[in-house]
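Trainee: In our numbering, the protein residues as written are 3 to 170. No residue lacks a Cβ here, since even glycine has one placed at the ideal position from N, Cα and C.
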Amino acid sequence: MALEQQDGQITDHANQGVNSREKPQASFQSQAGFISANGSMNVSFYYIPHMSSVVEATRVRKALVPFVDLLVEHSIDLDARHLTLYHHLPIDEVTAALQRLSLGAELQQTMSHYEPVEIASFQQEKTDSFNQNKTFTKNQLNLIQQFLYSALEKLRQWIKVLQRKKDE
3 MALEQQDGQI
13 TDHANQGVNS
23 REKPQASFQS
33 QAGFISANGS
43 MNVSFYYIPH
53 MSSVVEATRV
63 RKALVPFVDL
73 LVEHSIDLDA
83 RHLTLYHHLP
93 IDEVTAALQR
103 LSLGAELQQT
113 MSHYEPVEIA
123 SFQQEKTDSF
133 NQNKTFTKNQ
143 LNLIQQFLYS
153 ALEKLRQWIK
163 VLQRKKDE
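#1: State the start and end residues of the unbroken alpha helix (DSSP H) segment that holds residue 58.
#2: Between the C-alpha atoms of residue 156 and residue 139, what's the straight-line distance to the nearest angstrom?
#3: Checking the sheet assignment: what are the DSSP bridge partners for residue 44?
#4: Could you give the residue range of the beta strand (DSSP E) that holds residue 73?
#5: What number of angstroms, rounded off, separates the C-alpha of residue 135 from the C-alpha of residue 150?
#6: Measuring alpha carbon to alpha carbon, tell me which residue in 162, 51 and 144 is nearest residue 100.
#7: Count the other CB atoms within 10 Å of the CB of residue 46; is the residue buried (16 or more) or exposed (fewer)?
#8: Is residue 153 buried or exposed, if buried means 16 or more other CB atoms sit within 10 Å of its CB?
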């Protein structure tokens, strides 16, 4: 989830005693609102060897709170002891703050991340699919309309024949 969207939730979640392992958080919707002008962002991967429990993950999450304006989204994988940060600007201050936690945080790599482009292509595919369904429905309605029109014509002809017989 985007840190900007859940500032209070991070702190609330960090203060709770959660016994379950955390899984990576991914949200295409939250990233879509923070797409930069060129449609790209950076993703930084950290290895934190001493982050072995929910308590340490909570400390990491609390250390990220002051940097809400720099970060788009984060993901903590407790089993792999990895932290993933999505951002547009350099995050040297975040790296320093994570190292001050004394959990052995190491920045493994930072690379370009073009997921918003995938979101745009998914939306285009969704629109194409919607248009195909709309065309299919239109064709079905045309067939039904033609059938009803011909059935009504036959009914009119039959009624005319019956009226002629009655008039004779």
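Mentor: Short version:
#1: Position 56 of the sequence shown, counted from the first residue, corresponds to residue 58. Residues 56-66.
#2: Translated into positions along the sequence shown, residue 156 becomes position 154. Translated into positions along the sequence shown, residue 139 becomes position 137. Going from the Cα of residue 156 to the Cα of residue 139 covers about 26 Å.
#3: Stepping through the sequence shown from its first residue, residue 44 is reached at position 42. DSSP, once it has assigned bridges, lists 89 and 114 as partnering residue 44.
#4: Residue 73 sits at position 71 when you count from the first residue of the sequence shown. Looking at the DSSP string, the run of the beta strand (DSSP E) that includes residue 73 is 73-79.
#5: Residue mapping note: residue 135 aligns to position 133 of the sequence shown, counting from 1. Residue mapping note: residue 150 aligns to position 148 of the sequence shown, counting from 1. About 22 Å.
#6: Taking the first residue of the sequence shown as 1, we reach residue 100 at position 98. The residue with the shortest Cα to Cα distance from residue 100 is 51.
#7: Here residue 46 corresponds to residue number 44 of the sequence shown, with the count starting at 1. By the neighbour-count rule (16 or more Cβ atoms within 10 Å), residue 46 is buried.
#8: Counted from its first residue, the sequence shown places residue 153 at position 151. Flag for residue 153 reads exposed.
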